[in-house]
Amino acid sequence: MGLRFRPVDTSFYDLFTRAAQHLVTGAALLAEMLSETADHEDVARRMREAEHSADETTHELIRKVNSTFVTPFDREDIYALGSGLDDVMDMMDEVVDLILLYEVKELPAELSTQVEVLQRCAELTAAAMPNLQSMQSLEEYWIEVNRLENAGDKNHRRTLAKLFSGEYKTIEVLKLKDIVESLEEAIDAFEKVANIVEQIAVKES
Amino acid sequence: MGLRFRPVDTSFYDLFTRAAQHLVTGAALLAEMLSETADHEDVARRMREAEHSADETTHELIRKVNSTFVTPFDREDIYALGSGLDDVMDMMDEVVDLILLYEVKELPAELSTQVEVLQRCAELTAAAMPNLQSMQSLEEYWIEVNRLENAGDKNHRRTLAKLFSGEYKTIEVLKLKDIVESLEEAIDAFEKVANIVEQIAVKES
Amino acid sequence: MGLRFRPVDTSFYDLFTRAAQHLVTGAALLAEMLSETADHEDVARRMREAEHSADETTHELIRKVNSTFVTPFDREDIYALGSGLDDVMDMMDEVVDLILLYEVKELPAELSTQVEVLQRCAELTAAAMPNLQSMQSLEEYWIEVNRLENAGDKNHRRTLAKLFSGEYKTIEVLKLKDIVESLEEAIDAFEKVANIVEQIAVKES
């Protein structure tokens, strides 16, 4: 935080953008966690920090809604979008946490594909947030996130089928299933954010 | 879609009835999936189609709420009932999907009892929807669905106890537990619909 | 029920206090369930009774909100607090139920720590409810419940790590994981109640 001569009024659009940028960070940490040489303890620690920063942005957003008389769109939509972005972070944090907690050493290669989907969703979301101001180019964003979620779902089902193929010990299946399902929920959470943006755009148009 | 000479105004009651009829179809497909000779791929494909049709009815309902000035009861209750009916379909679709995905060949006989409960709930719900207009005979419907849910819950617990009785391999328990729990959630989703109808009836009376 | 000469108007504060006292009873039954000499059937039967009484208090609360013109705080906050307290009871009931259903004989010692957290949360909640009238001393309550939830979360993670340490057979892990996760959800449900109280206090201050 640098010295400031006068208070800067961070707009709602800036806060949404910042919230989505935390998700780009989170998705990158998740990708790091999957690499063979990752120091799980260290990545998990940085993920907790990222999750904490995201929480602060969410709180700042809520304080701003509560103290602002005229909001750019319905208060309840601002809450919904803020908590939707926050939910994505929580799910990504849970994935990293489970990998650390269960001490899983080898993860199925399919997980990398899911994390790539998450990274792409995070980038698209971060790029779309500033467009809430002009309400331009939002449709491409939500269509693409829905397409990614469909691809993620197909990959999720392939991963589950592999887990139950007999290749893994049952205790490993139990651990990996938790991780795989959390990843799927993180992707679903991105889709939910895209749906909220779509609803806002439809209302405002 | 046939040729139409003038627009037909499908009422809210018609749309709720249609949504519930999709659930009758879904429950029948679920029963078919459990039969020993079922072609899992084919039943799952038809279930996806039924789920898709149900989605379309839900969207039609939402469009109608948004474009109608005077609704027969509170907008939020219409949304709640519409999404409640949609949730049942999603849960039944998930059961069929898990049976296909996990390639489960033999299902415990207790599952048939649960699917019979689901079929009965679906029929009762489809029969109750047109009564929303007159608000008559709804009480018998929600009492009976609650009774069925209780019976389903007892059967669910017996099924879980059987899964853990030592009769099944652990990896099979892991698969069957998911399927059994999704079935239970589908029955719960019917009870939730009945509760929403009860609330609407209490408000309007 | 004794004979009454005139109707007694039980206040909202009394009803919230009574609801929270059911949770003290529930947490004590949960502790009893964990003791080595517990008669599981008998404790589970008394838990069902306690859960039933809690349900009645919730219904009384809802009837009172619906029939009262001026409520001490927003109707939706009364609903949220009432159903938040009810959710805790449901989760504690589920833990007792799973222990009975899965016929688990030996429970990891870590579970006792979680039940102690639950008992402490229940006592704090029951002590805080009457303070809703004066809005005094509530901050200490919600801070302490949040602290307890953090401690519970750390213990929860230790318990999960133990379950997967190789000490337990996989089928036991599958059972215990369900029980351990329900315990964690019961603690989370207490935190949610504390958050609702915090929101009410902030609004009213």
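Protein sequences, first through last, are from chains F, G and P. Every letter in the first sequence is one number past the one before it in the UniProt record's numbering, and letter 20, counting from 1, is 20. Every letter in the second sequence is one number past the one before it in the UniProt record's numbering, and letter 12, counting from 1, is 12. Every letter in the third sequence is one number past the one before it in the UniProt record's numbering, and letter 204, counting from 1, is 204. Backbone N, C-alpha and C define an ideal beta-carbon position, used for all residues, glycine too. The structure presented is a predicted model; accordingly, all values stated were derived computationally and were not measured.
Neighbourhood of residue i by C-beta distance below 8 Å, restricted to the same chain and skipping five residues each side
i: residue 163 of chain G; result: 108, 173, 176, 177 and 180
i: residue 47 of chain F; result: 26, 29, 30, 33, 92, 93, 96 and 97
i: residue 196 of chain G; result: 77, 80, 81 and 84
i: residue 1 of chain P; result: In this prediction, residue 1 of chain P scores a pLDDT of 44, lower than 50, which makes its location untrustworthy; the coordinate-derived value is nonetheless stated afterwards. Nothing listed; no residue qualifies.
i: residue 202 of chain G; result: none
i: residue 155 of chain G; result: 110, 113, 114 and 117
Boundaries of the alpha helix (DSSP H) in which residue i is found, first to last residue
i: residue 190 of chain P; result: 170–204
i: residue 141 of chain G; result: 138–163
i: residue 131 of chain F; result: Residue 131 of chain F -> no alpha helix (DSSP H), and no H or E assigned at all.
i: residue 80 of chain P; result: 75–101
Beta-carbon proximity list for residue i, same chain, < 7 Å, skipping 5 on both sides
i: residue 38 of chain G; result: 32
i: residue 8 of chain P; result: The pLDDT assigned to residue 8 of chain P is 49, lower than 50, so where the model puts this residue is not dependable, and the model offers no usable value.
i: residue 75 of chain G; result: 65
i: residue 18 of chain P; result: 57
i: residue 60 of chain G; result: 15
i: residue 160 of chain F; result: 180
i: residue 3 of chain P; result: Confidence at residue 3 of chain P is low in this model, with a pLDDT of 48, below 50, so the placement of that residue should be treated as unreliable; the coordinate-derived value is given next. So the list is empty, once near-sequence residues are dropped.
i: residue 123 of chain G; result: 24
i: residue 120 of chain G; result: 148
i: residue 185 of chain F; result: 91
i: residue 153 of chain G; result: none
i: residue 198 of chain G; result: 142
Contact set for residue i: own chain, Cβ-Cβ below 6 Å, skip 5 residues either direction
i: residue 149 of chain F; result: 187 and 191
i: residue 12 of chain P; result: 72
i: residue 137 of chain P; result: 131
i: residue 183 of chain G; result: 95 and 114
i: residue 51 of chain P; result: 89 and 93
i: residue 5 of chain P; result: Only weak support exists for where residue 5 of chain P lies, its pLDDT of 48 falling under 50; the coordinates are left without a value.
i: residue 44 of chain P; result: 96 and 100
i: residue 104 of chain P; result: 175
i: residue 189 of chain P; result: 87, 88 and 91
i: residue 102 of chain F; result: 175
i: residue 68 of chain F; result: none
Check whether residue i and residue j have beta carbons under 8 Å apart
i: residue 62 of chain G; j: residue 82 of chain G; result: yes
i: residue 135 of chain F; j: residue 204 of chain F; result: yes
i: residue 140 of chain P; j: residue 100 of chain P; result: no
i: residue 86 of chain G; j: residue 200 of chain G; result: no
i: residue 15 of chain G; j: residue 88 of chain G; result: no
i: residue 194 of chain P; j: residue 115 of chain P; result: no
i: residue 126 of chain P; j: residue 20 of chain P; result: yes
i: residue 158 of chain P; j: residue 110 of chain P; result: yes
i: residue 170 of chain P; j: residue 171 of chain F; result: yes
Every unbroken alpha helix (DSSP H) inside the stretch 34–71 of chain P [4 residues or more]: 40–67
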